[in-house]
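> Following the working numbering, the numbering of the sequence shown begins with 13 at its first residue and continues without gaps.
The beta carbon of each residue, even a glycine, is placed where N, CA and C say it ideally should be.
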Amino acid sequence: MDTVLRDVRVIDGSGGPSYRADVALAGGRIAEIHRETDGGPRPGAARVVDGQGLALSPGFIDMHAHSDLALLRDPGHEAKAAQGVTLEVLGQDGLSYAPVDDRTLAEVRTQITGWNGGGPDDTSVDFSWRTVGGYLDRLDHGFDGNGIAVNAAYLIPQGTVRMLALGWDDRPATADELKRMKQLVAEGLEQGAVGLSSGLTYTPGMYASDSELTELCRVVARYDGYYCPHHRSYGAGALQAYEEMVALTREAGCALHLAHATMNFGVNKGRAPELLTLLDGALDAGADITLDTYPYTPGCTTLVAMLPSWASEGGPAAILDRLRDDATAERIRRVMEVEGADGCHGVPIEWDTIEISGVADPALDGYVGKTLAGSAAERGEEPWTTARRLLIEDRLGSTILQHVGHEDNVRRIMRHRVHTGGSDGILQGNKPHPRAYGTFPQYLGRYVRELGVLSLEECVAHLTGRPAARLRLPDRGLVRTGYRADLVLFDPETVAAGSTFDAPRTLPAGIPHVLIDGRFVMADGRRTDVLAGRAVRRTAAGRE
Numbered sequence: 013m014d015t016v017l018r019d020v021r022v023i024d025g026s027g028g029p030s031y032r033a034d035v036a037l038a039g040g041r042i043a044e045i046h047r048e049t050d051g052g053p054r055p056g057a058a059r060v061v062d063g064q065g066l067a068l069s070p071g072f073i074d075m076h077a078h079s080d081l082a083l084l085r086d087p088g089h090e091a092k093a094a095q096g097v098t099l100e101v102l103g104q105d106g107l108s109y110a111p112v113d114d115r116t117l118a119e120v121r122t123q124i125t126g127w128n129g130g131g132p133d134d135t136s137v138d139f140s141w142r143t144v145g146g147y148l149d150r151l152d153h154g155f156d157g158n159g160i161a162v163n164a165a166y167l168i169p170q171g172t173v174r175m176l177a178l179g180w181d182d183r184p185a186t187a188d189e190l191k192r193m194k195q196l197v198a199e200g201l202e203q204g205a206v207g208l209s210s211g212l213t214y215t216p217g218m219y220a221s222d223s224e225l226t227e228l229c230r231v232v233a234r235y236d237g238y239y240c241p242h243h244r245s246y247g248a249g250a251l252q253a254y255e256e257m258v259a260l261t262r263e264a265g266c267a268l269h270l271a272h273a274t275m276n277f278g279v280n281k282g283r284a285p286e287l288l289t290l291l292d293g294a295l296d297a298g299a300d301i302t303l304d305t306y307p308y309t310p311g312c313t314t315l316v317a318m319l320p321s322w323a324s325e326g327g328p329a330a331i332l333d334r335l336r337d338d339a340t341a342e343r344i345r346r347v348m349e350v351e352g353a354d355g356c357h358g359v360p361i362e363w364d365t366i367e368i369s370g371v372a373d374p375a376l377d378g379y380v381g382k383t384l385a386g387s388a389a390e391r392g393e394e395p396w397t398t399a400r401r402l403l404i405e406d407r408l409g410s411t412i413l414q415h416v417g418h419e420d421n422v423r424r425i426m427r428h429r430v431h432t433g434g435s436d437g438i439l440q441g442n443k444p445h446p447r448a449y450g451t452f453p454q455y456l457g458r459y460v461r462e463l464g465v466l467s468l469e470e471c472v473a474h475l476t477g478r479p480a481a482r483l484r485l486p487d488r489g490l491v492r493t494g495y496r497a498d499l500v501l502f503d504p505e506t507v508a509a510g511s512t513f514d515a516p517r518t519l520p521a522g523i524p525h526v527l528i529d530g531r532f533v534m535a536d537g538r539r540t541d542v543l544a545g546r547a548v549r550r551t552a553a554g555r556e
């Protein structure tokens, strides 16, 4: 045996009762589980970790991560490793870096600078790949061939696929363009992606019709993958948007995973039960549905995402041209403030809920940590004037916190039988959302220990076994003999998120040890130099 985790409280990821045991590891897998009620000798090993007072669970799976470039830039990646995350799902919200050509890569780098960095002037990552398989190979290579901090799976981004096939036009795809998109999706799945994502409030993915999305989902279904939409509204049309995604995937015969499944803005306060009733009806009728949420009320995205979709047609250069034109900028303002832009989920924007969390240009740091209403008041101008200037000067690179959530909705949704955990963690910016560093200990500390919203065993299942089943992973997500030794040791009495809105990069407490393939990524609360992460690929049969 390589390692024995001695006398731990095993919370195995199934949702069943915990038990005490010695867990022995060998060759990167769980070799033996010796319960305290078992007879015979206890396992021994060269390394024995005293698990008194600690719980052992499978590694946490972040079902909605924005570490697409962070994993290639930061070998430590403590934001996730210190939380006990052993697998992240990338390629979210329909926008990422594969598949691309040279033109598309340049455009998407500019568009999602606020999510991932990687803008036109960023040389910290070598963008040498163009295909999904090439990107996964790059993750495998990691740092000097030693891998990456944690494992990563990838969703094919539908917006990037549309950008590659027909550009930024707001129009239906031709038959040839649809054929090309379906081919790109099939190729990405064959190369190891686990499914398809969309960002249906982001351009150009939002220009796709239901029939176009259904055709792409039929391809995903053939490979036993899943569709993960950021759907068309989390605000004024939220319930209708959820209904649209359920109907679309049922028509395609495709599994559905609802990204950051929230009910936000004043129009949706107290309406989580309506969403859950919709999902229960579909599940009872045979639909294959899961969802993820983060345990916080504010959201996080880019400032440019708030614009109406017509203002974003043509891509970043066209957006900036429209913002510089006074007449067009006034038209944008009216849509955002009076009518409700589709980029802001059909709800008239409330500038006092929009807090700048990061800027691409350090010269603009003075905006960070303030609402746009507050910054405007300091300057004696209207909020739109401030927002417009910031968008132009920061070249669309600004990120925001959007304070529009409701605690009751958050709690009700996280209790649901198909719920999983996802951080939606954007690591960029001077003042990122604390969910990037705190999601998983926040579940365990606040919502389990302090509030009792979930039992510990149930919560661990939401964060481990259930997401592994969605990803069709045959040997992850449970503490079982023969399974990969991707494991977390934490103290149920002290585990807590350290990150706050004022100090968002503070690491959590109460998670001393994290292992990937039996190797200690975190030991005694400190990041080791181990790079045990790799790309987690799937095949047509749904296995790595």
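Within a Cβ cutoff of 7 angstroms, which residues of the same chain sit near Pro216, ignoring the five residues on either side of it in sequence?
So the list reads Gly171, Arg174, Met175, Trp180, once near-sequence residues are dropped.
> Should Glu367 go down as buried or exposed, given a rule of 16 or more other Cβ atoms within 10 Å for buried?
Burial call: buried.
> For Glu119, collect the residues of the same chain with a Cβ closer than 7 angstroms to its Cβ; drop the 5 residues on either side in sequence, then sort them by chain order.
Met175, Gly327, Pro328.
> Thinking C-beta only, is Gly530 closer than 9 angstroms to Gly159?
Going by C-beta atoms, Gly159 is not nearer than 9 angstroms to Gly530.
> Identify the residues that DSSP records as bridge partners of Val97: which are they?
Phe72, per the DSSP bridge assignment.
> To which residues does DSSP link Ile438 through a beta bridge?
The partner list for Ile438 (beta bridge, DSSP) reads His78.
> Would you list the one or two residues that DSSP bridges to Gly27?
Note: Gly27 sits in no beta bridge, so no partner.
> Does the separation of the CB atoms of Leu439 and Ser79 fall below 9 angstroms?
Against a cut-off of 9 angstroms, the Cβ pair of Ser79 and Leu439 comes out as a contact.
> Given Arg32, which residues of its chain have a CB within under 8 angstroms of its CB, disregarding the five upstream and five downstream residues?
Result list for Arg32: Asp19, Val20, Arg21, Val22, Arg47, Glu48, in chain order.
> Can you give me the C-alpha to C-alpha distance between Leu466 and Gly489, rounded to a whole angstrom?
About 19 angstroms.
> What are the start and end residues of the beta strand (DSSP E) that includes Pro479?
Not the beta strand (DSSP E): Pro479 falls in the alpha helix (DSSP H), residues 477 to 482.
> In whole angstroms, what separates the C-alpha of Phe452 from that of Ala94?
Between Phe452 and Ala94, the C-alpha separation is close to 10 angstroms.
> Let's test the definition: count the other Cβ atoms within 10 Å of the Cβ of Arg336 and tell me whether it reaches 16, buried, or not, exposed.
Classification of Arg336: exposed, given that the 10 Å Cβ count is below 16.
> Using the beta-carbon count (16 or more within 10 Å), is Ser245 buried or exposed?
Buried, since its Cβ has 16 or more Cβ neighbours within 10 Å.
> Taking the C-alpha atoms as reference points, what is the distance between Leu527 and Ala91?
Spanning the two alpha carbons is a distance of roughly 15 angstroms.
> Whole angstroms are fine: how far does the CA of Val350 sit from the CA of Pro360?
Distance between the alpha carbons of Pro360 and Val350: 6 angstroms.
> If you draw a straight line from the C-alpha of Gly237 to the C-alpha of Tyr379, how long is it?
Each residue's Cα considered, the two are about 41 angstroms apart.
> State the CB to CB distance for the pair Tyr214 and Gly106, rounded to an integer number of angstroms; the pair is presumed to be in contact (CB under 8 angstroms).
Going by Cβ atoms, the distance from Tyr214 to Gly106 rounds to 6 angstroms, so yes, they are a contact pair.
> For Asp498, collect the residues of the same chain with a Cβ closer than 8 angstroms to its Cβ; drop the 5 residues on either side in sequence, then sort them by chain order.
Around Asp498: Pro70, Gly71, Thr98, Leu99, Asn163, Arg488, Leu527, Ile528, Asp529.
> Measuring straight from C-alpha to C-alpha, what distance separates Val206 and Ala547?
Val206 and Ala547: Cα-Cα distance of roughly 11 angstroms.
> What are the start and end residues of each continuous alpha helix (DSSP H) run of 4 or more residues lying completely inside the stretch 129 to 197, in chain order?
Those alpha helix (DSSP H) runs which fall completely within the stretch 129 to 197 and span 4+ residues are 144 to 153, 170 to 178.
> State the start and end residues of the unbroken alpha helix (DSSP H) segment that holds Leu332.
Element bounds for Leu332: 328 to 336.
> Need the endpoints of the alpha helix (DSSP H) that Ile42 sits in, please.
Here Ile42 belongs to no alpha helix (DSSP H); instead the beta strand (DSSP E) covers 41 to 47.
> Is it buried or exposed, Pro520, if we count other Cβ atoms within 10 angstroms and call 16 or more buried?
With 16 or more Cβ atoms within 10 Å of its Cβ, Pro520 is classed as buried.
> Does DSSP put Gly278 in a helix, in a strand, or in coil?
Here Gly278 sits in helix by DSSP.
> Would you grab the beta carbon distance between Leu196 and Ala185 for me? Rounded to a whole angstrom, and I think it's under 8 angstroms.
With 8 angstroms as the limit, Leu196 and Ala185 do not qualify as a contact, their Cβ atoms being about 12 angstroms apart.
> Excluding the 5 residues flanking His153 on each side, which residues of the same chain have their C-beta closer than 7 angstroms to its C-beta?
So the list is empty, once near-sequence residues are dropped.
> With a floor of 3 residues, list each beta strand (DSSP E) that falls wholly inside the stretch 440 to 522, ordered by position along the chain.
Here the runs fully enclosed are 499 to 502.
> Between Cys312 and the rest of its own chain, which residues show a CB-CB distance below 8 angstroms, the 5 nearest in sequence each way excluded?
Cβ neighbours of Cys312 beyond the five flanking positions: Ser369, Thr411, Ile412, Leu413, Gln414, Asp436, Ile438, Pro444, His445, Arg447.
> Apart from the five residues just before and just after Gly130, which ones in its own chain have a Cβ nearer than 7 angstroms to its Cβ?
Closer than 7 angstroms at Cβ, skipping near neighbours: Leu81, Arg121, Val137.
> Relative to the C-alpha of Glu255, which candidate in Gly25, Leu17, Glu286 has its C-alpha closest?
That would be Glu286, whose Cα lies nearest to the Cα of Glu255.
> Considering just the uninterrupted stretch of the beta strand (DSSP E) at Ser209, what are its terminal residues?
Per DSSP, Ser209 belongs to the beta strand (DSSP E) from 207 to 211.
> From the DSSP secondary-structure annotation, give me the bridge partner or partners of Val258.
Answer is none; Val258 lacks a bridge partner.
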